[in-house]
Amino acid sequence: MEKWMVMAKRADFIEIGKKFGIDKVTARIIRNRDVIGDNDINMYINGGIDDLYDPKLLKDSDKLIDILTEKIKQKKKIRIIGDYDIDGVMSTYILLKALKRAGADVSCMIPDRIKDGYGLNVELINKAYDDKIDTIITCDNGIAAIDEIAHAKDLGMTMLVTDHHAVPYNEESGERIYIKSRADAIVNPHQADCDYPYKELCGAAVAWKVVILLYERLGISNEEAFEFIENAAFATVGDVMPLTGENRIIVKEGLKRIHHTKNIGMKALILQCGLEPENVESYHFGFVLGPCINATGRLDTARRALKLLCSGSEGEAALIASGLVALNDERKEMTRQGFELAISTIEENGYSDDKVLVIYLPDVHESIAGIIAGRIREKYNRPVFVLTKGEDGVKGSGRSIECYSMYEKMCECKDLFSKFGGHPMAAGLSLPEENVEEFRIRINDNSGLSDEDLVRKIMIDVPMPVDYVTMELINEFSILEPYGKDNSKPVFADRNLSVSRMWILGKNRNVLKLSLKSSQDLVYQAIYFGDVETFIKYMQENYGESMVKNAFEGKTNNIVLSIVYSPKINIFRETVSLQFEILYYK
13 MEKWMVMAKR
23 ADFIEIGKKF
33 GIDKVTARII
43 RNRDVIGDND
53 INMYINGGID
63 DLYDPKLLKD
73 SDKLIDILTE
83 KIKQKKKIRI
93 IGDYDIDGVM
103 STYILLKALK
113 RAGADVSCMI
123 PDRIKDGYGL
133 NVELINKAYD
143 DKIDTIITCD
153 NGIAAIDEIA
163 HAKDLGMTML
173 VTDHHAVPYN
183 EESGERIYIK
193 SRADAIVNPH
203 QADCDYPYKE
213 LCGAAVAWKV
223 VILLYERLGI
233 SNEEAFEFIE
243 NAAFATVGDV
253 MPLTGENRII
263 VKEGLKRIHH
273 TKNIGMKALI
283 LQCGLEPENV
293 ESYHFGFVLG
303 PCINATGRLD
313 TARRALKLLC
323 SGSEGEAALI
333 ASGLVALNDE
343 RKEMTRQGFE
353 LAISTIEENG
363 YSDDKVLVIY
373 LPDVHESIAG
383 IIAGRIREKY
393 NRPVFVLTKG
403 EDGVKGSGRS
413 IECYSMYEKM
423 CECKDLFSKF
433 GGHPMAAGLS
443 LPEENVEEFR
453 IRINDNSGLS
463 DEDLVRKIMI
473 DVPMPVDYVT
483 MELINEFSIL
493 EPYGKDNSKP
503 VFADRNLSVS
513 RMWILGKNRN
523 VLKLSLKSSQ
533 DLVYQAIYFG
543 DVETFIKYMQ
553 ENYGESMVKN
563 AFEGKTNNIV
573 LSIVYSPKIN
583 IFRETVSLQF
593 EILYYK
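Here the working numbering is used: the first residue of the sequence shown is 13, the next is one more, and so on.
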């Protein structure tokens with residue numbers, strides 16, 4: 013079930029268009045992204061390096077740099093502790109490369125997902141102590157490691173934290189009381205008394221801001237510090253941070269650097285994925301290159317991804333990169349099998365009527381539970397928990413929908429869990445196997461979800477006839493890029509388009525091409541990459557098999573479609589034409 017809804021945010025689009033030299037449609041899309049006021053619109057369209065905020069505004073940044081420069085000067089042993097996902101790998105790389113450049117005696121450790129779990133733990137701290145480490149600096153973790161940091165301080169170690177996650181707190185009489193950490197310095201824009209204007213930086217961006225200040229203090233050129241913006245951009249998209257405000261600038265400028273990257277490992281990964289550096293877009297960070305980095309942390313060790321970025325040899329880099337691509341292919345196949353198993357589990361057990369899906373897949377690798385949960389959520393449009401069997405009981409990951417706060421609902425049955433955490437849209441949990449069915453029952457009994465909540469809502473930027481679209485307008489849409497979370501690719505809708513002809517394309521017959529006639533009797537080419545079989549079945553049920561047969565033969569038929577679409581410029585054998593990608597239909 014789907015409900016098409018037009019965004020109805022208001023503004024004087026004609027006036028905005030005149031002021032900024034853009035089409036009124038482009039102005040409306042920018043308003044739909046909640047960009048309001050001349051200054052913010054100008055930043056959205058024209059923001060660049062000079063508009064980035066001063067890292068000195070980050071609380072404790074000066075203090076951390078004071079400590080770090082002194083430790084470097086004294087040749088104290090420093091250890092970076094990162095994380096095993098894209099953001100953690102990029103953060104670790106930024107700090108490792110920068111501290112080596114600064115002359116530090118530095119090493120690093122990326123935790124093992126299965127053995128160590130996320131972030132700091134006592135074993136990692138004890139290992140650092142045994143290795144005579146004087147100072148630990150975290151990246152993409154550490155803000156919630158209250159007990160672990162206290163342990164390190166008791167051992168006499170210096171603890172520096174760079175992170176971007178929420179600061180832990182206890183709630184007393186409706187008031188948040190933030191838990192005090194014994195870290196020597198904490199750089200995290202989410203601290204309540206941090207004056208940094210933009211709070212949505214990823215861990216790698218926070219680490220990069222620290223490096224800018226470190227280089228400035230040591231007299232290393234700003235240009236060298238800005239080489240890391242490509243890593244911060246990669247992590248921003250890979251960690252699914254909002255592409256708003258400063259993040260848009262980081263990604264926009266980072267992509268420019270990627271197009272001419274000096275990093276041998278990064279270039280090798282791009283080439284192994286069948287891309288050219290100059291053609292990399294934010295989409296590739298999130299869905300092509302990023303998963304190869306993540307696959308190492310899921311199925312092997314993220315140190316392989318770090319080794320790739322640190323590689324100084326093209327031959328070595330190509331070898332590592334090909335291994336990462338192969339690992340990601342393995343992860344994709346495991347995910348496909350797990351996804352199919354999840355669907356059969358739902359159907360065979362009669363769970364499809366549940367408003368919250370709890371699926372126990374004992375033999376699925378715990379590292380892909382979250383990916384499978386996300387895929388199931390997309391298919392059924394409801395909150396999903398995928399549980400797997402681990403060494404110490406059942407572990408799971410959850411993915412939610414906008415109207416359901418997953419973490420809050422888990423708090424209502426927290427007695428069932430041995431451990432849990434998360435936020436409204438995603439969560440992780442551990443629980444005894446005997447509690448699995450009780451969890452499924454209770455989380456559904458208290459879901460608070462109505463049937464209407466489970467109807468998929470398709471948000472349309474502008475109900476725009478295809479006749480309005482020109483190549484000039486599509487080219488103008490480039491100012492809206494980069495696309496990602498909270499800055500999605502614009503989508504439009506048109507109704508009553510007659511089908512002139514249809515073709516099935518692709519070696520797997522998984523692409524549908526259509527010629528559509530508009531209300532002005534102009535014919536346009538459209539393409540559909542979704543479930544072709546279901547699309548054809550829809551037309552057969554509504555217009556009859558003979559009419560669908562006629563459409564495939566280019567004969568007269570009565571098929572009329574309403575579509576949600578994304579316009580594109582198609583180049584085929586040096587012929588340039590408009591093409592409309594059909595996203596949804598009815």
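Just so it is clear, CB atoms sit at the ideal spot from N, CA and C, and this is done for glycine as well.
C-alpha distance - residue i paired with residue j, whole-angstrom precision
i      : j      : result
Arg599 : Glu290 : Lying before the first or after the last residue shown, residue 599 is absent from the chain, which here runs from 13 to 598.
Leu301 : Ile282 : 7 Å
His202 : Asp52  : 22 Å
Ser531 : Asn508 : 7 Å
Tyr227 : Ala237 : 7 Å
Thr174 : Gly154 : 7 Å
Ile594 : Arg229 : 53 Å
Ser233 : Ala114 : 12 Å
Ile486 : Lys529 : 20 Å
Glu545 : Tyr372 : 30 Å
Val376 : Val101 : 25 Å
Met13  : Ile413 : 15 Å
Ser578 : Val478 : 10 Å
Cys120 : Thr104 : 7 Å
Ile270 : Met253 : 19 Å
Arg521 : Asp543 : 10 Å
Ala195 : Thr170 : 8 Å
Ser527 : Thr568 : 13 Å
Local Cβ density within 10 Å of residue i, reported as buried at 16 or more and exposed below that
i      : result
Ile383 : buried
Ser356 : exposed
Phe541 : exposed
His163 : buried
Asp341 : exposed
Arg316 : buried
Lys71  : buried
Val134 : exposed
Arg585 : exposed
His176 : buried
Ser462 : exposed
Leu524 : buried
Ala204 : exposed
Asp50  : exposed
Asp62  : exposed
Cβ neighbours of residue i in the same chain (closer than 6 Å, five flanking residues each side left out)
i      : result
Ala39  : Phe25, Ile28 and Gly29
Pro209 : Tyr65
Val560 : Met551 and Gln552
Pro303 : Asn340
Whole-angstrom C-beta distance between residue j and residue i, which should lie under 8 Å
i      : j      : result
Gln647 : Gln591 : The structure shown has nothing for residue 647, since the chain only spans 13 to 598.
Leu225 : Lys68  : 7 Å
Ile122 : Leu318 : 6 Å
Asp366 : Asn447 : Contact flag wrong, Cβ pair sits at about 17 Å.
Other residues of its chain near residue i: CB distance less than 8 Å, five sequence neighbours each side excluded
i      : result
Glu445 : Lys401, Gly405 and Val406
Ala280 : Leu320, Ser323, Glu326, Ala329, Ala330, Ile332 and Ala333
Ala110 : Val223, Leu226, Tyr227, Ala237 and Phe240
Ile106 : Cys151, Ala216, Ala219, Trp220, Val223, Phe240, Asn243 and Ala244
Phe351 : Ile384, Arg387 and Ile388
8 Å Cβ cutoff met for residue i and residue j
i      : j      : result
Lys144 : Lys221 : no
Ile388 : Ala197 : no
Ala314 : Tyr96  : yes
Val118 : Met476 : no
Ile1   : Leu492 : This structure cannot settle anything about residue 1, because the visible part of the chain is limited to 13 through 598.
Phe564 : Met483 : no
Asp649 : Leu255 : Residue 649 falls outside the range modelled here, since the chain spans only 13 to 598, and no answer is possible.
Ser442 : Lys431 : yes
Asp251 : Cys214 : yes
Ile380 : Met346 : yes
Thr273 : Asn259 : no
Gly298 : Gly59  : no
Ile158 : Ile93  : no
Asn582 : Ser574 : no
Ile470 : Tyr596 : yes
Pro436 : Tyr419 : yes
Val199 : Leu76  : yes
Own chain residues within Cβ distance below 7 Å of residue i, not counting five before or after
i      : result
Glu424 : Asn458
Val18  : Ile472 and Pro475
Ile262 : Ala217, Ile241, Ala244, Ala245 and Thr248
Asn275 : Leu321
Val511 : Leu526, Leu528, Ala563, Asn569, Ile571 and Leu573
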